[in-house]
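In terms of mature numbering (1 follows the signal peptide of the UniProt record, and there is no 0), the sequence shown is residues -25 to -1, 1 to 280. Note that the Cβ used here is the ideal one computed from N, Cα and C, for glycine as well. Have a look at the structure below before the remarks.
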Amino acid sequence: MEFSKLFIVLFIFQILFPCNTSTQAAPSNSNLFREYIGAEFNNVKFSDVPINSNVEFHFILSFALDYDTSSSPSPTNGKFNVFWDSDNLGPSQVSSIKSSHSNVKVALSLGGDSVGDGSAYFNPSSVDSWVSNAVSSLTDIIRQYNLDGIDIDYEHFNADPDTFAECIGQLVKTLKKNGLISFASIAPFDDDDVQSHYKALWKSYGDLIDYVNFQFYAYDQGTTVSQFINYFNTQSSNYNGGNVLASFISDGSGGLTPENGFFTACNRLKSQNKLHGIFIWSADDSKRNGFRYEKQSQALLAISH
């Protein structure tokens, strides 16, 4: 009899206070706009880029790499150096753009495709040593530049997916715990090796990843609106529960371009409550066309979401 009463009490409690195992709120429309900047050294400045006061705006400095800065760069096992255009995008410029625009935050991206004349590899000696070096070196850079977050954009790997997951996951966890960053993102694209590494990271540490900067522009040039929507839904499933952002490349070399319906696709996603933000690669290229699509992207995002 007592057991029956206990069972009934527990049953009622479960109905009134259901257990929620998810650590992430369901994504919804957002006014987040993000743009990579500084990788191509063409003298683009933060102040060149139009900033709509009605969006949340993230500049992403590209890139910091755990390579030395010699003429033939070598891996340094987590000891990061600045490889972006720091003459135009230095600490004083970060301070200036953030003080001029209260809606602006600045992050740095780790990795990228290349360094010197070769590919940039994720190449740790061990999890513990890499994490220790990365936390130390990135703490210095983040403090020097007064940065707000990090983005993970490794695209080549000399380590298995589980090692990548542990190194990056522990790095993000430590930087957040130490109050050095308020957000973290990842930037995968549709490649089997790349996806295996990022999906392993997502599986173990997805609760620490705030945004998925999926590189939809790595799909074929000439992508259609319907193909883009299908790709978006597939990747939203791969990174289930994540804020997957729509994206395009401003030189038009891949994916769905603004001329061919990118904003049509965004409006369709918005109508489905799936437009979690837009990011562009990159301000360096957009400088040539007067940042017309930055203006259009932010105008779309600024409309009540």
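With burial defined as no fewer than 16 other Cβ atoms inside 10 Å of the residue's Cβ, what is the status of residue i: buried or exposed?
| i | result |
| --- | --- |
| Ser211 | buried |
| Ser272 | buried |
| Asp41 | buried |
| Asp123 | buried |
| Gly197 | exposed |
| Asn205 | exposed |
| Ser45 | exposed |
| Asp167 | exposed |
| Ser201 | exposed |
| Glu234 | exposed |
| Asp92 | exposed |
| Thr199 | exposed |
| Ser111 | exposed |
| Ser28 | exposed |
| Ser225 | buried |
| Ser157 | exposed |
| Asp60 | buried |
| Phe16 | exposed |
Once the 5 residues before and after residue i are set aside, which same chain residues still bring their CB inside 6 Å of it?
| i | result |
| --- | --- |
| Ile127 | Leu85, Ile143, Ile161 |
| Leu146 | Val106, Ala109 |
| Val30 | Asn6, Phe8, Gln273, Leu276, Ala277 |
| Ile(-18) | Reliability fails at Ile(-18), whose pLDDT of 49 lies under 50, so the model's placement of it is uncertain and the value that follows must be treated cautiously. Correct list: empty, nothing qualifies. |
| Gly217 | Val187 |
| Ala221 | Cys241, Ile253 |
| Ser171 | Pro136 |
| Ile26 | Phe32, His76 |
| residue 284 | Beyond the ends of the chain as shown, which are -25 and 280, falls residue 284; an answer cannot be given. |
| Gly236 | Val200 |
| Trp256 | Tyr11, Ile224 |
Could you name the residues of the same chain whose beta carbon sits closer than 7 Å to that of residue i, not counting the 5 residues immediately before and after it, in chain order?
| i | result |
| --- | --- |
| Val57 | Ala39, Ile116 |
| Phe203 | Phe191, Leu231, Ala240 |
| Gln119 | Pro66 |
Which partner residues does residue i have in the DSSP bridge list?
| i | result |
| --- | --- |
| Leu85 | Ala39, Ile127 |
| Phe207 | Phe207 is not bridged to any residue. |
| Ser94 | Ser89 |
| Val79 | Phe32 |
| Ile255 | Glu10, Phe223 |
| Tyr194 | DSSP lists no partner for Tyr194. |
| Phe158 | Gly124 |
| Tyr186 | Ser160 |
How many angstroms separate the CA atom of residue i from the CA atom of residue j?
| i | j | result |
| --- | --- | --- |
| Phe164 | Ser67 | 33 Å |
| Ser(-4) | Asn18 | With a pLDDT of 37 at Ser(-4), under the threshold of 50, the modelled position of that residue is not reliable, and the figure given next carries that caveat. Going by the C-alpha atoms only, they are around 44 Å apart. |
| Pro48 | Phe32 | 32 Å |
| Lys245 | His251 | 8 Å |
| Pro2 | Thr209 | 15 Å |
| Val79 | Tyr173 | 27 Å |
| Ala159 | Gly87 | 16 Å |
| Gly265 | Ala258 | 10 Å |
| Ala82 | Asn121 | 9 Å |
| Ala134 | Asn52 | 12 Å |
| Arg263 | Val24 | 12 Å |
| Asn213 | Val219 | 10 Å |
| Ala14 | Ser37 | 5 Å |
| Ser94 | Asp195 | 21 Å |
| Asp43 | Pro50 | 7 Å |
Which residues in the same chain as residue i place their Cβ atom closer than 8 Å to its Cβ, once the five residues preceding and following it in sequence are excluded?
| i | result |
| --- | --- |
| Lys178 | Ala140 |
| Thr138 | Pro99, Val102 |
| Asp260 | Glu15, Ile224, Ser225, Asp226 |
Would you say the beta carbon of residue i comes nearer than 8 Å to a heavy atom of the ligand ADP?
| i | result |
| --- | --- |
| Phe8 | With respect to small molecules bound, the structure shown includes none, and the ligand ADP cannot be examined in it. |
From the beta carbon of residue i, is the nearest beta carbon of chain C less than 9 Å away?
| i | result |
| --- | --- |
| Ile116 | Going by chain labels, chain C is absent from the structure shown, which holds only one protein chain. |
### Query
Does the stretch 99 to 115 touch the stretch 60 to 76, meaning 3 or more C-beta pairs lie closer than 8 Å?
no
### Task
Check whether the stretch 149 to 161 touches the stretch 180 to 196, taking contact to mean three or more Cβ pairs, one atom from each stretch, closer than 8 Å.
As far as the Cβ criterion goes, the stretch 149 to 161 touches the stretch 180 to 196, which means the pair count is three or higher.
### Task
Spell out a yes or no on whether the stretch 262 to 279 and the stretch 4 to 12 are touching, meaning 3 or more CB-CB pairs, one atom from each, closer than 8 Å.
yes
### Query
Quick check: the stretch 186 to 204 against the stretch 222 to 229, are there 3 or more CB pairs under 8 Å?
Because the criterion of three Cβ pairs below 8 Å is met, the stretch 186 to 204 and the stretch 222 to 229 touch.
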